[in-house]
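Undergrad: Residue numbers (numbering that gives the first Met the number 0): 0 to 466. Glycine included, every Cβ here is placed at the ideal spot set by N, Cα and C. Can you read through this structure? Questions will come right after.
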Amino acid sequence: MHVQFLGAAQTVTGSMHLVEVAGTRLLLDCGLFQGRRQESIERNRTLPIDARSIDHVVLSHAHIDHSGALPTLLRHGFTGRIFTTPATADLADAMLRDAASIQRSDADYLNRRRVRMRTHEPEFAPLYEMEDAIAAIERLTPLEYHAPRDIAPGVRLTFFDAGHVLGSAIVALDLEEAGVRKRLVFSGDLGRPNAPILRDPETLDGADVLLVESTYGDRLHEPYTEMDDRLAAIITRTFSRGGKVLVPSFALERAQEVLHSLTRLQLAGKLGPIPIYVDSPLTVRLTQVFERHTECFDSETLALMKSGRSPFDPQNVRYVSDVEESKAIDASDEPCVIVSASGMCEAGRIVHHLRASLDDPRSTVVIVGFMAQHTLGRRLVERRDHVRIFGVEHERRIGVELLAGFSAHADQADLRGWVSTMRARGHSPRIALVHGEPAAQRVLCDLLVADGAISVTIPAPGDVLTI
Ligand SMILES: [Zn+2]
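Shown next, in the form of structure tokens:
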């Protein structure tokens, strides 16, 4: 029995690990690598394994860096099942279709430019087409939390709450080979305890090997409890100047958290029925999935639903579908809140809203998510005086506020707490840190050793750990 680290090893994207037991080959996650454009294209075109040799996939959650290479796997001949939770299956349905259509339109754009510039580059092909995404969606096999299932000889799978995004799971694999039994636990991405909407990350008994994410291994987040009041203060201040509040937001989870925060603020009487626009078709679709999967909610969110109120539906919210309506928001002088994608301001309608308000010192852009290097979002975080949008330089006069507490990831203290409890409930498990940048991983590794963990490793891509 062993596990090989194929992706999200000493980096945060492209999650993919291969588990081999008793002749069965399982993939834990099958995600896209995300980084500089050319490197991403090259790494995502080829898979590090023979897709036909994989029996099944176990998918921890719907984020594209965990699920986005599934259509590639199908394209290369995978014929097994993709086990995941019911909510993740629904989210992945929307997100994989969206990923396929983005790739198609990116390829069309690059090919038009190729023709216009008369370059001799070969025609640009998308990573995969809609039919590959649909083939992957058809393989999705939902499995409820806490319902063990034998998915192959010697392999029993159980999902537990990870509290990261809707449907996210900690994966427990009970493995048996030649009479030897071992329990491998993969944290997936872990959420924050006491965060709104979802139930908290769980811990479980009997782990022999632990694969643990380490995204924020070197950082502590602001407390959740302060986020609502800070958001309300930013909105009130901006509206008093007659400005707009722009919230670039990932379509999955972050957008729903912001909508939930606005709903709570209104219920608490801290915010009136201000105009709110949700301008992202994918966000609208994913929010509908949230409303169907109440089985994932914590008790506070369930109580709110029982009172007849959607947790994601503040008063006076408008879901924008067509582009003309989107443009009309920018043309109007009315103060409003605009929640729009993409999260890092690299694409999507948020870019147009930013361009329209960038030189308006009355307005504010509120940063609620991680902004990678080389993105427009990162340049806003750095409060640069000038930024480029669609190749044109603009003066930035819009205010920038950071609300880092909205993170969907456990911070350093949360990770240490989770590992300590898992160690106490397991068999002195061996720990492998995945899904983190090396600097964050080293800090977390040292702390876990100081906490008493006996074996902690930071596997490199391709490394193998015997279970
Ligand atoms: Zn994630």
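Pull up the CB-CB distance for P147 and T84, whole angstroms please, since I reckon it's below 8 Å.
TA: Within the sequence shown, residue 147 is the residue found at index 148, counting from 1. Within the sequence shown, residue 84 is the residue found at index 85, counting from 1. The Cβ separation is near 14 Å, so there is no contact.
Undergrad: Cα separation between D413 and P192?
TA: Mapped onto the sequence shown, residue 413 falls at position 414. Mapped onto the sequence shown, residue 192 falls at position 193. Going by the C-alpha atoms only, they are around 7 Å apart.
Undergrad: From the DSSP output, read off the bridge partner residues of P141.
TA: The count along the sequence shown starts at 1 and reaches residue 141 at position 142. The partner list for P141 (beta bridge, DSSP) reads T83.
Undergrad: Mind the definition here: the segment 420-429 touches the segment 194-207 only if three or more C-beta pairs lie below 8 Å; say whether that holds.
TA: The segment 420-429, when compared against the segment 194-207, does touch it at the 8 Å Cβ threshold.
Undergrad: Does the count of Cβ pairs from the segment 104-111 and the segment 165-182 closer than 8 Å reach three?
TA: The segment 104-111 is not in contact with the segment 165-182.
Undergrad: Going by DSSP, which residues form a beta bridge with T465?
TA: Taking the sequence shown and counting its residues from 1, one reaches residue 465 at position 466. Answer is H1, bridged to T465.
Undergrad: What is the C-beta distance between V336 and I196, in whole angstroms, given that I count them as a contact (C-beta under 8 Å)?
TA: Counted from its first residue, the sequence shown places residue 336 at position 337. Counted from its first residue, the sequence shown places residue 196 at position 197. Not really, about 19 Å apart at Cβ, beyond 8 Å.
Undergrad: For the putative contact between L258 and P334, defined by C-beta atoms under 8 Å, what is the C-beta separation to the nearest angstrom?
TA: For this step, residue 258 is matched to residue 259 along the sequence shown. For this step, residue 334 is matched to residue 335 along the sequence shown. No, L258 and P334 are not in contact; Cβ-Cβ is about 18 Å, not under 8 Å.
Undergrad: Does the count of Cβ pairs from the segment 354-362 and the segment 378-396 closer than 8 Å reach three?
TA: Segments in contact, yes.
Undergrad: Does the beta carbon of H62 fall short of 7 Å from some heavy atom of ligand 1?
TA: Here residue 62 refers to the residue found at position 63 when the sequence shown is read from its first residue. Yes.
Undergrad: Which of helix, strand or coil does DSSP assign to S341?
TA: Along the sequence shown, one-based indexing puts residue 341 at 342. Three-state DSSP puts S341 in coil, outside helix and strand.
Undergrad: Is the separation between the beta-carbon of H60 and that of G187 shorter than 8 Å?
TA: Position 61 of the sequence shown, counted from the first residue, corresponds to residue 60. Position 188 of the sequence shown, counted from the first residue, corresponds to residue 187. It is a contact, given that the beta carbons lie within the stated cut-off.
Undergrad: Of all the options M343, D359, S406, V277, which has the alpha carbon lying nearest to the alpha carbon of Q478?
TA: Because the chain spans 0 through 466 in this model, residue 478 falls outside it and cannot be assessed.
Undergrad: What do you get for P152, buried or exposed, if any count of 16 or more other CB atoms within 10 angstroms of its CB means buried?
TA: Residue numbering aside, residue 152 sits at position 153 when the sequence shown is read from its first letter. Burial call: exposed.
Undergrad: Report yes if the C-beta distance between S325 and R348 is below 8 Å; otherwise report no.
TA: The count along the sequence shown starts at 1 and reaches residue 325 at position 326. The count along the sequence shown starts at 1 and reaches residue 348 at position 349. Cβ atoms of S325 and R348: closer than 8 Å.
Undergrad: Ligand 1 and V164: does the residue's C-beta get closer than 7 Å to at least one heavy atom of that ligand?
TA: Mapped onto the sequence shown, residue 164 falls at position 165. Yes - ligand 1 has a heavy atom lying nearer than 7 Å to the Cβ of V164.
Undergrad: Going by CA-CA distance only, name the one from R80, D358, E252 that's closest to F405.
TA: The residue given as residue 405 occupies position 406 in the sequence shown. If we check each option's Cα against that of F405, E252 comes out closest.
Undergrad: Does L251 come out as helix, strand or coil in the three-state DSSP assignment?
TA: As a position in the sequence shown, residue 251 is number 252, starting the count at 1. Reduced to three states, the DSSP call for L251 is coil.
Undergrad: Distance, Cα to Cα, A459 vs P437?
TA: Indexing the sequence shown from 1 puts residue 459 at position 460. Indexing the sequence shown from 1 puts residue 437 at position 438. Their backbone Cα atoms lie some 10 Å apart in a straight line.
Undergrad: Please return the same chain residues whose Cβ sits closer than 8 Å to the Cβ of A467, not counting the five positions on each side in sequence.
TA: Because the chain in this structure spans residues 0 to 466, residue 467 falls outside the shown range and cannot be described.
Undergrad: Quick check: what's the CA-CA separation for V114 versus A91?
TA: Counting from one through the sequence shown, the residue named residue 114 turns up at place 115. Counting from one through the sequence shown, the residue named residue 91 turns up at place 92. Using only the alpha carbons, I get a separation of about 34 Å.
Undergrad: Would you give the residue range spanned by the beta strand (DSSP E) that I150 belongs to?
TA: Counting from one through the sequence shown, the residue named residue 150 turns up at place 151. Element bounds for I150: 148-151.
Undergrad: Contact defined as beta carbons within less than 8 Å: I believe R213 pairs with L443. What is the distance between those atoms, to the nearest angstrom?
TA: The residue given as residue 213 occupies position 214 in the sequence shown. The residue given as residue 443 occupies position 444 in the sequence shown. The identity of residue 213 in the sequence shown is Ser, whereas the question assumes Arg. Rounded, the Cβ-Cβ distance is 5 Å, consistent with contact.
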